[in-house]
Each structure stands twice: as structure tokens, then as C-alpha cells.
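Chains as they are written, first to last, in our numbering: chain A, -6 to 327; chain B, -6 to 327. Even glycine gets a Cβ: it sits at the ideal position worked out from N, Cα and C. These figures come from a predicted structure and were not determined experimentally.
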DNA sequence: TATATATCTGGAAGGGCTTCCAATAAAATA
DNA sequence: TATTTTATTGGAAGCCCTTCCAGATATATA
């Protein structure tokens, strides 16, 4: 069934080492020999056996990417960014979806010891010190995206600054009662965005009032970054009646979508009764006019692969830490 | 660096064949021997080398999924559905993203000859007869999702019926001028949905009027299934002035989102001035109250993997063709 | 007790490739 | 022309497993 390098060698009338050499573009091959081999390959429609090659080379040309639940556009954009260079450099991409945090360890173990991949991209999840050490020890490159660890390459958003900018903008618009809808604080971005929110209040001389902070409920798959969670969080804020905030910074656009629905259900208008700024700039935000903090997802994905490939090929040695500052996109909700 | 089966054999004081047998749960292993081996594995933290195993077994435990540009939620939902059984059965998933149609062939070639994967899932793209034959000849299972070929397992939506139901509903609501915004007809679903639209008109005694049909522009990555394309298509429909349709069936929700924006910009109201029904029921449709035809994406993904795995293990032999009829979800736009 | 049968185990062969070493041929130099 | 040097080439060894065959041991049967 499968045509192997031996068949090619026989047809071309050369040794198998020679075939392998033209396959790998090694030098020291005479043009005539190369042509003979190429012709034979063409004739037999030969394609190298990926696993055999991987075994011999100790290199698989596969990268893995670990994402938490495919929740929305954030990851899609990232994936698009990641795909681009991967395809170009003839790598394959294996996808691990971690729905529950405890599964992360088993995926990391698999990736570490299975010798299936040449490198890994870990998205939006934090890496424990033990694993960071283990990756370094095994010399398996890993890069973090939307997460940070001092010991490995990381690309991350300045969440604190982003939240700060959004909150400050709301305050500077004249709002006195500026609330926040955040996700579960066990999510690092959520925790840090809260810090930014508080910092902005403080800088503007507003004391933090816990009744204006609502933490979205988590469900089995989202840590509170969901439409439903945003909806019910806003409902809770609206229960404050006349004392409700006149502006709300929301920790993700997807929650903001739910929150907007809740506001409309109360027959309140946006931004007149309540102004809103979200976070992420997912594709739908533009369609619904949602003001938000844009994260350069595509770019981060692209850069992450770039660094990962360089790391794999040993082209860089020093640690690479890059931070992105989210950009305020003003639309119609504030 | 890497601990191999030889190390385990040595530590356990057994032959390597024995180690392999306990790894693969073969029978004819005495409980004591098994324990010794298991202990050694534990002690060394041994994990089998995926590529070596794949080479020896001629089976990789990897499935590949080929998707056209990650455009939106349709594919996310599908991916979620696919992930579930894949994880459970310890397969890995490699993702190929086909942005341009001509790249499909090169991906298929790679998948066919590279021996990297045990099976493939092809989404929303049609398979040519030549490739269908080649897959069968090479005995590499492939299943189509949201697409159809008589020679391979297929899961598909009854697009014609779906479009028919949507259009008929609009007509039965009393609308006389029912338009359609479709995507490029080179996309099979788009072509077939148009047929359903026409069939409904005909059944209700309305003659098809080409000025009420607008084909969305395609951009480099979407065949017209995009927000921008829906927006400008609706703009064109609105240029008809008073003669414009009072109801429009739109071939995807994402286009409908753009179309709704166009309508609102003209200060027209939905559904009073123009009623709308989309197609897909993406996550945002509920948030914006869009009536639509729901496709069971998650379920299709799940079933596709199920069948694929059964096919790989030889548990089924006859061809599997399953069609899903989309369900009309009535919300606020009609 | 001798023999047949069932159970368990070791290890060679093989899966398809790369890489290295040695060998040969061709070209350059003395 | 004889001797180096250089450019090519063939093929064995090795990457890490699984599988099959044969041998060893234990158990059942005559």
C-alpha cells in the first residue's frame, strides 16, 4: 500500500540515503541525481511518512495549543493569528481544549512526555512553577499568551492598565457612580482588571463601594465570562434602583452583551441611563456599537508562534516577555 | 533524557515485550508481573513515545479536522461538539484551516499520504469524486459535516427545507414582497438555500422577482457569509425605496447582523418595516432577538466523531448519511 | 509418572525514516 | 603521472515501539 523511500530509491536507481538527502535538501547532491530522485518521487506520488520521519529526526513538526473552553471570538481571533505562520512553516497544530482546570495538568503531562509536539502555546491559563521548571528541564519550548510566568516566554495584556483606562474614561465623562461587573476572581485577568478599576477610582478621588461591584456567576465552563452571567450581574446592579451606577465597566464584551439586554429589559437606555465599556473587542462589539478595550488578539497569536518557532530552532536564547496595552475603542455605549 | 521501554523493562526486571503488553492491556500477564511493571512505570514517570508507537502500530490516534476560515460561531459550536468525544477516547485533534479553496487539495494530499492521522472530518466543503475515491482506496476514513458526498459518511443540513420553512413563515405572516440575501452561489449551502426560497415562493403563488434577491459580496475569506457583506447587501435592497421587500430571508445570522445595522441606519424598524429571518442560530442571535433557523451544530460535531471512530475501528461497514432539518426559532425580528 | 495443554514471558524482527561513516569517483595539485 | 583533496554516494545503525514466534513454566489429564 504505502510507497516508501525504498521504492523511490529503487526506481531512481540510487541508495536510500540519497533519497533522504534530496528530501531534506541536504547539499552535496549532483543535479542529475537530484532530478532522478525527484522524478521517481513524482512518478510514485511519494509522501514521507510523518511518524517515521518524526521518530528518526526526534522532531515532529507539530505544535500544540491549549485553550480554555472555546468561548467566543477571543480565541478564534487568536487561532487565526496562530494559524497563519504555522501553515507557512509547514507545522501542524494540535488543539487541546481544557474545560476544567484540573484537566490542564493532564494535558500538560501528555504534552511533556508524549513527544508528540515540538512546542506548546498555552492560552489564558497560568502555568505553575513546577510545570515551568519541567518544561525547561525537558527543553520543550512553551509560550504563554494572555498569561505570564517569569520563567517562560509570555505575551500578555496589561489588564490593569486597560481596566484603568476604561474606568477613568467613564469617570472623566462625568459619571460619579461607576460600577464594575467582573468575572470570578480566580481568573487572573478578572482579578487584575479589578485592580485597575480600583486604581482609577482612587486616582479620581472616588472611594470604592462594594455594592457597585458585582462578580458574575460562573457556570461549569466559563468562570463568569458569559452572556448569561453578564445578564444576571447587571440585573443585580439594577436592583439598586435610583442608586444604581450610571456607568459600568464590564470585564468582557460577552458579558456586556448580556448586560445590555438586562438594561433594555428595564426600559433604560444606553448610554443615557447607563454607560458601558466592555473588554476584548470581539467581532460583535462593532455591530452593536459597544465601546470596549481592544486586545490585539490576532497579532499576539502570530507573534507567539513566531517566537515559539525561533525558540525551537534555537534562534533566540533570552527570555521574551511582551506586554500589550489595550486600546480604548469608543462607540455608542459611552 | 527520555526514558524508554527498555529502562522500564530493566527496572522491573522483565523483558520489553512484557512491558509493552501491560502498556497495551494485553492478556496473559500475571498479576505480579503487571504490578512490577506498573511500579517501574510509575517510578520512572514513563510515558510512551507517541511517534514510536504510531510507527509500530500503524495507527496514530490523531484525527484531523479541516475547516474553512474560522468564520464565526458555526465552527466554534462544531468544534465544541467534536472535542467532547475526542477527548474521551484519547485521540488528538489536528486542525487545518483552509482559507482559500485551492489549498484544500494540498491539505487533503497531506492528510492522505502523510500517515499522520487515522481519520478526517471535513467541514462545509465539498469533496471531489477523485478524492472520495482516493480516501476509500487508501482506506482512510473521512466524514463530511455540513456537506455531502454519496460515497462517504455525511452529516448535513437540509438547507433547502430550512430555507423553505423560513420563507414560507414570512409569507404566511402576510408579507407579499419577500426578499432574500444570499451568499455567493459557489458555496453549496448558499445555492441550495436559494432553491428553498424559490420553492416556497412558488408554492405560495408568488413569482420570483430577481430584484429582491441580493447576493452578498465575497471578500478574500468568506464567500459572502460576513457581517459587512450582509450590511451592504441590505443597503442595496433598501435602495428600492418604497418598493423594497417587507420581509427578508437571509442566508446566515452573521449577515443578518450586518443587515439589521443597515436597516437601523435608515431609521426603519424591525420587524414592522422589514421582518427578518436568518440561518444558523449563532450565539449572538438570541442576544439580539434574531429569528433564525437553528442548526444542531454541537450535535453534528459529536455524531461525526462518533461515526468516524466507529469507522476507524471497523465497527460499522455501511455508509452513514444523516440529514438534519433546521428548526425555526421565532424571536423578535419577524 | 509421562504427556498434553494452557499460561506466561523474552526478545528478534520490523515499521519508515535520518544520519553518520566509509567508499568511490572526480578534480586539483605537485 | 602520482598524490591530495573534494564532491558524491551507499547503506548500516538507530529512533522507540509492537507483534509474533518460540521457549519456559505451571497445570491438567491419561
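Does residue i pass the burial test, meaning 16 or more other C-beta atoms within 10 Å, or should it be called exposed?
| i | result |
| --- | --- |
| residue 49 of chain B | exposed |
| residue 158 of chain A | buried |
| residue 216 of chain B | buried |
| residue 310 of chain A | exposed |
| residue 121 of chain B | exposed |
| residue 308 of chain B | exposed |
| residue 315 of chain B | exposed |
| residue 76 of chain A | buried |
| residue 126 of chain A | exposed |
| residue 202 of chain A | exposed |
| residue 260 of chain A | exposed |
| residue 46 of chain A | buried |
| residue 51 of chain B | exposed |
| residue 251 of chain A | buried |
| residue 312 of chain A | exposed |
| residue 246 of chain B | buried |
| residue 232 of chain B | exposed |
| residue 180 of chain A | buried |
| residue 85 of chain A | buried |
| residue 18 of chain B | exposed |
| residue 123 of chain B | exposed |
| residue 99 of chain A | exposed |
| residue 349 of chain B | A query on residue 349 of chain B cannot be resolved here, the shown segment of chain B reaching from -6 to 327 and no further. |
| residue 90 of chain A | buried |
| residue 146 of chain B | buried |
Given a cut-off of 8 Å, decide if residue j and residue i are closer than it, judged by their beta-carbon atoms.
| i | j | result |
| --- | --- | --- |
| residue 111 of chain A | residue 305 of chain A | yes |
| residue 163 of chain A | residue 240 of chain A | yes |
| residue 88 of chain A | residue 101 of chain B | no |
| residue 324 of chain B | residue 282 of chain B | yes |
| residue 285 of chain A | residue 273 of chain A | yes |
| residue 198 of chain B | residue 160 of chain B | no |
| residue 136 of chain B | residue 322 of chain B | no |
| residue 130 of chain B | residue 152 of chain B | no |
| residue 345 of chain B | residue 33 of chain B | In this structure chain B extends from -6 to 327, so residue 345 of chain B is not present and cannot be described. |
| residue 133 of chain B | residue 97 of chain B | no |
| residue 115 of chain A | residue 59 of chain A | yes |
| residue 7 of chain B | residue 37 of chain B | no |
| residue 74 of chain A | residue 291 of chain A | yes |
Under the three-state reduction of DSSP, which class applies to residue i: helix, strand or coil?
| i | result |
| --- | --- |
| residue 172 of chain B | strand |
| residue 157 of chain B | helix |
| residue 26 of chain B | helix |
| residue 11 of chain B | helix |
| residue 232 of chain B | coil |
| residue 118 of chain A | coil |
| residue 146 of chain A | strand |
| residue 60 of chain A | strand |
| residue 259 of chain A | coil |
| residue 167 of chain A | coil |
| residue 130 of chain A | helix |
| residue 113 of chain B | strand |
| residue 151 of chain A | coil |
| residue 237 of chain A | coil |
| residue 285 of chain A | strand |
| residue 162 of chain A | helix |
| residue 272 of chain A | strand |
| residue 67 of chain B | helix |
| residue 213 of chain A | coil |
| residue 299 of chain B | helix |
| residue 315 of chain A | strand |
| residue 138 of chain A | strand |
| residue 44 of chain A | helix |
Does the beta carbon of residue i fall short of 7 Å from some heavy atom of the ligand NAP?
| i | result |
| --- | --- |
| residue 310 of chain A | By its list of ligands, the structure shown contains no ligand whatsoever, and the ligand NAP lies outside what it can speak to. |
Thinking residue i and residue j are a contact (beta carbons under 8 Å), I'd like their distance in whole angstroms, please.
| i | j | result |
| --- | --- | --- |
| residue 223 of chain A | residue 243 of chain A | 6 Å |
| residue 319 of chain A | residue 155 of chain A | 4 Å |
| residue 22 of chain A | residue 12 of chain A | Between residue 12 of chain A and residue 22 of chain A the Cβ distance is about 10 Å, and since that is not below 8 Å, they are no contact. |
| residue 330 of chain A | residue 54 of chain A | With chain A covering -6 to 327 only, the question about residue 330 of chain A has no answer from this structure. |
>> Which residues of the segment 92 to 119 of chain A have a Cβ closer than 7 Å to any Cβ of chain B? Give them in chain order.
In response: 106, 107, 108, 109
> Of the residues that make up the segment 239 to 250 of chain A, which ones have a beta carbon closer than 9 Å to any beta carbon in chain B?
Replying inline: 247, 250
>> For the segment 137 to 153 of chain B, list every residue whose C-beta sits within 9 Å of some C-beta in chain A, in sequence order.
In response: none
> Using a Cβ cut-off of 7 Å, which residues of the segment 40 to 54 of chain B contact any Cβ in chain A, in chain order?
Replying inline: 40, 42, 43, 44, 45, 47, 48, 53
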